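Participant: Here you go, one structure.
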């Protein structure tokens, strides 16, 4: 009996220790990846300072000129446009689904959203190339600029926006559904309409959650590669309008990884691109978490 | 003083403790239905295929405390939430019959649901302050109905907080989050929030069951005070609460109204066997 009991306790200890080390390992992976990328990109710092690399927009690998500004700007632009386009659509549809719609409709929409979320990235790229790019080039751009190929910041933003839409909607629906019914009852029983309740109670109550969801979607969007690469033109120039081509960081890495050995510092430069992406996502996640924490305390 | 020569000694003692609550000056006149604002006629309610409320016919007397009692799952809360049609959002709901408020059928397609709800303040089981300040909680309803005048809102907030005896406790922190209040204070805040939209009815769904005895007492006292101006309909699990404050009692069992009448009648001389058994504690 007692030996059985001590065996039980031993097992418990081993299980606890094992799970702890596995958890530490996953956390360590993040550190290791970051460290690996940094070490690989060190050689480039021997010729250029970090700030120079980030601020310069000269990209001539043959001349050992590596300016990352166009890529950073491209990434930020596209992500920003994607969120600006997707956020209101996602918020309103999620509100509709949780507050207004009947449940059978909800089931249909969720099925459609699951399909949308499951479409491979490259298919979005093809769709963007076939429909969005010509539409921008022929229909939209002529109203604003003289000439645009259609392979633009805007095309990247639209495609990326559509891609994060299902994620945002399902996150928002989950967040809104988590609001206890009492809050709705309280507001509705005062004679507020459903829209007033959604606007003043549901959105207010879930504000920290909405921010967290947007942060999550943004982190996803930063790293999206193939679909964006196919529609944004990939010119290493600083975009000045929505109708200019751009070249986001992930696209840079994906497009050039094979040929990097021909230029000595190229590998290091690409590793720096990866490291920058890593830092952007890291800083972004950390700061959004801090913001959410503060807001949560204020709203609770 | 109204006293119930009630059988169960423990409950009778409780009732005595709260005897000060009975300030019903009209007691001697009995429960004259001089005015009945709320009438339920042949109400049947189904959720999916379940028959939740069965052929309910009721009249709720004006400016009195009406307690709906009955065992769990007998449809008390459903009935209460049907009065302001909060039940509408339930999946698969279907109703027949009518509920007349001031002679308007609330199920009529032409009836504006927000008007009905404005007439019925709801106090739920657990206090549910909205995620905003104390001030904004009270002003919320008025703002939703289009009141923008700051001066008037200030006045309403002060008035209603005074009406529930919360003003002195919170007047220096009106803009603090309402969730920082104690649970008893929150419930009074919710009551004040309901009163701010000038309802005619107060619907309370076991409004004291989550509160400590002192806070419950506070709320009960408020109900007794408020019945001068409002018709109060109270769902309660606590018989002794009904005993303390009810003027009119409705006993429900399995979706049916078994017996309804003045508190005196129901508690001292129930006509139905089922009512008598319930009051004796044979089942709950």
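Chains as they are written, first to last, in the numbering used here: chain A, 402 to 701; chain B, 4 to 287.
All C-beta atoms in this analysis are idealised placements derived from N, C-alpha and C, irrespective of residue type, glycine included.
Computed from a predicted model, the values in this text were never measured in an experiment.
Using the Cβ count rule (16 or more neighbours within 10 Å means buried), how would you classify residue 122 of chain B?
Facilitator: Mapped onto the second chain, residue 122 of chain B falls at position 119. Burial call: buried.
Participant: Relative to the C-alpha of residue 91 of chain B, which residue among B/227, B/60, B/219 and B/51 is closest?
Facilitator: As a working note, residue 91 of chain B is residue 88 in the second chain. Selected option, being the one with the closest Cα: B/51.
Participant: Run the CB neighbour count on residue 286 of chain B, radius 10 Å, all protein chains shown included, and call it buried at 16 or more, exposed below.
Facilitator: The residue you call residue 286 of chain B lines up with position 283 of the second chain. With fewer than 16 Cβ atoms within 10 Å of its Cβ, residue 286 of chain B is classed as exposed.
Participant: Beta carbons nearer than 9 angstroms to chain B: which residues of the region 642 to 666 of chain A have them?
Facilitator: none
Participant: Output, in sequence order along the chain, the residues in the region 588 to 621 of chain A whose CB is closer than 8 angstroms to any CB in chain B.
Facilitator: 588, 589, 590, 591, 592, 593, 594, 597, 601, 602, 605 and 606
Participant: Just to make sure I have the definition right: I need the residues of chain B whose C-beta is within less than 8 angstroms of the C-beta of residue 584 of chain A. Which are they?
Facilitator: Indexing the first chain from 1 puts residue 584 of chain A at position 183. Contacts between residue 584 of chain A and chain B, judged by CB atoms closer than 8 angstroms, involve 131, 133 and 134 in chain order.
Participant: What's the gap between the Cα of residue 470 of chain A and the Cα of residue 637 of chain A?
Facilitator: If you number the first chain from 1, residue 470 of chain A lands on position 69. If you number the first chain from 1, residue 637 of chain A lands on position 236. So the alpha carbons of these two residues sit roughly 9 angstroms apart.
Participant: Give me the residue from B/203, B/247 and B/58 with the minimum Cα distance to residue 222 of chain B.
Facilitator: For the purposes of this step, residue 222 of chain B is taken as the residue at position 219 of the second chain. Looking at B/203, B/247 and B/58, the one whose alpha-carbon comes closest to that of residue 222 of chain B is B/247.
Participant: Tell me whether the region 614 to 621 of chain A and the region 509 to 524 of chain A touch, counting them as touching only if at least three CB pairs, one residue from each stretch, are closer than 8 angstroms.
Facilitator: no
Participant: Between the beta-carbon of residue 209 of chain B and the beta-carbon of residue 227 of chain B, is there less than 7 angstroms?
Facilitator: Counted from its first residue, the second chain places residue 209 of chain B at position 206. Counted from its first residue, the second chain places residue 227 of chain B at position 224. Against a cut-off of 7 angstroms, the Cβ pair of residue 227 of chain B and residue 209 of chain B comes out as no contact.
Participant: For residue 101 of chain B, write down the residues that DSSP places opposite it in a beta bridge.
Facilitator: On the second chain, residue 101 of chain B is found 98 positions in, with the first residue counted as 1. The partner list for residue 101 of chain B (beta bridge, DSSP) reads B/44.
Participant: With respect to the alpha helix (DSSP H) encompassing residue 263 of chain B, which residues constitute its N-terminal and C-terminal limits?
Facilitator: Walking along the second chain from the start, residue 263 of chain B turns up at place 260. Where residue 263 of chain B is concerned, there is no enclosing alpha helix (DSSP H), although the beta strand (DSSP E) it sits in stretches over 259 to 265.
Participant: Decide if residue 694 of chain A is buried, meaning its Cβ has at least 16 other Cβ atoms within 10 Å, or exposed.
Facilitator: Taking the first chain and counting its residues from 1, the one referred to as residue 694 of chain A is at position 293. Residue 694 of chain A comes out exposed.
Participant: Can you tell me where the beta strand (DSSP E) with residue 592 of chain A in it begins and where it stops?
Facilitator: Against the first chain, residue 592 of chain A aligns to sequence position 191. Run containing residue 592 of chain A: none; DSSP gives neither H nor E here.
Participant: At the 7 angstroms Cβ level, is residue 79 of chain B part of the contact set with chain A, yes or no?
Facilitator: In the second chain, counting from the first residue as 1, residue 79 of chain B sits at position 76. Not an interface residue.
Participant: Show which residues of chain A have a CB atom less than 8 angstroms away from the CB atom of residue 230 of chain B.
Facilitator: The residue you call residue 230 of chain B lines up with position 227 of the second chain. Near residue 230 of chain B there are no residues of chain A at all, since even the closest Cβ is about 19 angstroms away, more than 8 angstroms.
Participant: In whole angstroms, what separates the C-alpha of residue 167 of chain B from that of residue 625 of chain A?
Facilitator: The count along the second chain starts at 1 and reaches residue 167 of chain B at position 164. The count along the first chain starts at 1 and reaches residue 625 of chain A at position 224. When rounded, the distance between both Cα atoms is 56 angstroms.
Participant: Going along the chain, which residues of the region 494 to 523 of chain A sit with their C-beta nearer than 7 angstroms to a C-beta in chain B?
Facilitator: From the region 494 to 523 of chain A, only 504 have a Cβ closer than 7 angstroms to chain B.
Participant: Spell out whether any CB of chain A is found under 7 angstroms from the CB atom of residue 200 of chain B.
Facilitator: In the second chain, counting from the first residue as 1, residue 200 of chain B sits at position 197. It does: the Cβ of residue 200 of chain B has a partner Cβ on chain A nearer than 7 angstroms.
Participant: Do residue 697 of chain A and residue 609 of chain A have their beta-carbon atoms positioned less than 7 angstroms apart in this structure?
Facilitator: As a first step, residue 609 of chain A is located in the first chain; it is residue number 208 there, counting from the start. As a first step, residue 697 of chain A is located in the first chain; it is residue number 296 there, counting from the start. Taking 7 angstroms as the Cβ cut-off, residue 609 of chain A and residue 697 of chain A qualify as a contacting pair.
Participant: Where does residue 148 of chain B fall in DSSP's three states?
Facilitator: In the second chain, residue 148 of chain B corresponds to position 145, counting from 1. It is coil, neither helix nor strand.
Participant: So if I threshold CB-CB distances at 7 angstroms, which residues from the region 78 to 103 of chain B count as touching chain A?
Facilitator: 87, 89 and 94
Participant: Got a sec: which bits of the region 142 to 154 of chain B sit with their beta carbon under 7 angstroms from any beta carbon on chain A, in order along the chain?
Facilitator: 143, 144, 147 and 148
Participant: Can you find a CB in chain B that lies within less than 7 angstroms of the CB of residue 472 of chain A?
Facilitator: The residue given as residue 472 of chain A occupies position 71 in the first chain. It does not; no Cβ of chain B falls within 7 angstroms.
Participant: Just to confirm, are residue 563 of chain A and residue 498 of chain A a CB contact at a threshold of 7 angstroms?
Facilitator: For the purposes of this step, residue 563 of chain A is taken as residue 162 along the first chain, with counting starting at 1. For the purposes of this step, residue 498 of chain A is taken as residue 97 along the first chain, with counting starting at 1. Cβ distance not < 7 angstroms, so residue 563 of chain A and residue 498 of chain A don't count as in contact.
Participant: Am I right that residue 603 of chain A and residue 500 of chain A are in contact with their C-beta atoms under 8 angstroms? What's the rounded C-beta distance?
Facilitator: Taking the first chain and counting its residues from 1, one reaches residue 603 of chain A at position 202. Taking the first chain and counting its residues from 1, one reaches residue 500 of chain A at position 99. Confirmed, Cβ separation roughly 7 angstroms.
Participant: Ends of the beta strand (DSSP E) at residue 60 of chain B?
Facilitator: Numbered from its first residue, the second chain carries residue 60 of chain B at position 57. 53 to 63 is the span of the beta strand (DSSP E), which, as asked, contains residue 60 of chain B.
Participant: Tell me the DSSP bridge mates of residue 234 of chain B?
Facilitator: Along the second chain, one-based indexing puts residue 234 of chain B at 231. Partner(s): B/204.
Participant: Is it the case that the region 626 to 634 of chain A contacts the region 646 to 654 of chain A, given that we only count it when at least three CB pairs across the two stretches are under 8 angstroms?
Facilitator: yes
Participant: For residue 73 of chain B, which three-state DSSP category applies?
Facilitator: By one-based count along the second chain, residue 73 of chain B stands at place 70. If DSSP states are grouped into helix, strand and coil, residue 73 of chain B belongs with coil.
Participant: Go ahead and pull the three-state DSSP assignment for residue 222 of chain B.
Facilitator: Along the second chain, one-based indexing puts residue 222 of chain B at 219. Looking at residue 222 of chain B - three-state DSSP - the assignment turns out to be helix.
Participant: At 4 residues or longer, and completely inside the region 106 to 176 of chain B: list those alpha helix (DSSP H) runs for me, N to C.
Facilitator: Unbroken alpha helix (DSSP H) stretches of 4 residues or longer found wholly inside the region 106 to 176 of chain B: 116 to 122, 137 to 147, 153 to 166 and 170 to 173, given in chain order.
Participant: What are the boundary residues of the alpha helix (DSSP H) that includes residue 505 of chain A?
Facilitator: For this step, residue 505 of chain A is matched to residue 104 along the first chain. From DSSP, the alpha helix (DSSP H) with residue 505 of chain A extends over 504 to 519.
Participant: Name the one or two DSSP bridge partners that residue 255 of chain B has.
Facilitator: To locate residue 255 of chain B, count along the second chain from 1; it is residue 252. Beta-bridge pairing links residue 255 of chain B to B/260.
Participant: Considering only DSSP beta bridges, list what residue 634 of chain A is partnered with.
Facilitator: Taking the first chain and counting its residues from 1, the one referred to as residue 634 of chain A is at position 233. Residue 634 of chain A pairs with A/647.
Participant: Can you check which of these residues, A/577, A/606 and A/666, is closest to residue 449 of chain A by C-alpha distance?
Facilitator: Sequence index remark: in the first chain, residue 449 of chain A carries index 48 (1-based). If we check each option's Cα against that of residue 449 of chain A, A/666 comes out closest.
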